[in-house]
Amino acid sequence: MKVIDKAVLKLAGIYTLILLVVSIGFSVAFFGATNNELNRPIVQRAGFAQGRLSIDENESFRILMQQRDNEIRDNMLIFLIFINLGVLIFGAMASYFLARLTLKPIRRNMETQAQFVSDASHELRTPLTAMQMENEVALRDKSLDKKQLQELVKSNLEEVGKLRELTDRLLKLSLDEKPEITEIDVRELVNKTQTRWQKIADQQKIVIKNTTKSHKIQSNTELFLEILAILIDNAIKYSPRGSTVIVGSENGDVFVQDSGCGISDDDMPFIFDRFYRVEKSRVGDGFGLGLPLAKRLAEQIGFKITVESNDDTGVTFWARKV
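Residue numbers (our numbering): 54 to 375.
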């Protein structure tokens with residue numbers, strides 16, 4: 054991203070400038086202290102008592118010491134210049150590396166946000182485009198009867214329902230509120246969720262086998278119900294017609310197992326990414342927001358969503374207490 058690249062260069066420049074100012078400050082102070090020492094009278098530095106040397110010997114010694122002092126000043130000045138050039142070069146390189154490291158999380162977040170906006174725009178555009186095309190065709194057709202108009206309205210309502218589901222899930226993903234924690238019974242919540250999805254399961258001739266045991270846990274009723282709904286809906290969606298979905302629990306941890314064909318190793322790392330959908334082996338309707346939402350809600354109530362995939366038994370999602 055150009056904005057981040059500019060920010061990296063700007064931050065690296067600031068780091069380099071700070072290092073250079075500090076280095077020059079120490080160099081000036083060191084050179085000043087050394088120069089003051091060299092400017093002291095030779096007699097004071099050497100500890101000679103006046104009268105010990107002849108006039109010619111004293112003058113020759115003074116000239117030699119002055120020449121040595123000038124050489125020391127020149128060498129010290131050259132040395133400090135090279136030191137500061139080194140600080141400038143290597144400091145700039147280190148500053149650029151540190152700036153990139155500092156802004157790396159920001160770059161990653163911006164890229165994620167940009168991808169999220171792009172994906173959300175695509176998902177919103179799909180049902181809107183479908184509704185627009187159906188309505189445009191209907192407007193051109195002057196021979197539409199009442200039944201056809203009812204079918205059109207029904208189709209539009211289905212697309213509106215998809216839009217509402219999408220916006221609701223996007224809203225829940227963006228919220229970061231602290232939920233109220235109370236004591237709940239796992240089996241009671243699973244029974245409520247099963248009742249809610251039983252009709253949809255019956256339409257697919259899918260049996261929901263509930264083996265959940267009664268167990269009290271500290272959690273949030275609404276969020277836990279939403280997590281169960283997502284996992285059961287996901288299991289029904291990806292189970293073949295006439296199969297069984299198993300819902301059970303162990304020590305308060307809940308699992309939902311479908312009868313699908315599993316998830317490949319290539320897809321497994323991405324199933325909790327927003328808008329990611331497995332197209333090859335697990336085909337179903339949806340926006341790719343269910344599992345990311347379940348994961349986020351679980352984190353808010355102290356749970357963790359894990360997954361186990363097996364070609365023979367399908368996929369099992371766990372909601373485990375952390």
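We treat Cβ as the ideally placed atom computed from N, Cα and C, and that holds for glycine.
This one's a predicted model, so the numbers in the text were calculated from it and none came from an experiment.
As computed with DSSP, Ile-237 is found in a beta bridge with Ile-270.
Asn-137 and Leu-73 have their C-alpha atoms roughly 7 angstroms apart. By the neighbour-count criterion, in which 16 or more other beta carbons inside 10 Å mark a residue as buried, Met-146 falls on the exposed side. Taking all protein chains in view, the Cβ of Leu-154 is surrounded by fewer than 16 other Cβ atoms within 10 Å, so the residue is classified as exposed. Phe-323 sits exposed, since fewer than 16 C-beta atoms from the chains shown fall within 10 Å of its C-beta. For Phe-370, DSSP records a beta bridge to Val-309 and Val-360. With contacts defined as CB atoms closer than 9 angstroms, Ser-148 and Ala-65 qualify as a contacting pair. In this structure, DSSP gives Gly-78 a helical state, which the three-state scheme calls helix. At the C-beta level, Leu-342 and Leu-223 come within 9 angstroms of one another.
Bridge pairing for Lys-262: Ile-299 [DSSP]. Collapsing the DSSP output to three states places Gln-257 in coil. Comparing alpha-carbon positions, the option among Ala-347, Ile-285, Arg-294 and Thr-69 lying closest to Leu-276 turns out to be Ala-347. Counting only residues of its own chain and dropping the five nearest sequence neighbours on each side, Leu-242 has a CB closer than 8 angstroms to the CB of Thr-274, Phe-277, Leu-278 and Leu-281.
Restricting attention to Ser-312, Glu-211 and Arg-217, the CA atom closest to the CA of Lys-262 is found in Ser-312. Here the alpha carbon of Arg-93 sits roughly 24 angstroms from the alpha carbon of Ile-134. Separation of Leu-344 and Val-190 (C-alpha to C-alpha, rounded to the nearest whole angstrom) is 36 angstroms.
Rounded to whole angstroms, Ala-60 and Ser-302 show a C-alpha spacing of 50 angstroms.
Approximately 24 angstroms separates the beta-carbon atoms of Glu-212 and Ala-254; this is outside 8 angstroms, ruling out the contact.
Ranked by Cα distance from Asn-88, the first of Pro-232, Arg-121, Lys-266 and Met-163 is Arg-121. In the three-state reduction of the DSSP assignment, Ser-196 falls in the coil class.
In this structure, DSSP gives Ile-354 a state outside helix and strand, which the three-state scheme calls coil. Closest in alpha carbon position to Val-56, among Arg-160, Gly-214 and Asp-198, is Arg-160. By the neighbour-count criterion, in which a residue is buried when 16 or more other Cβ atoms sit within 10 angstroms of its Cβ, Pro-293 is exposed.
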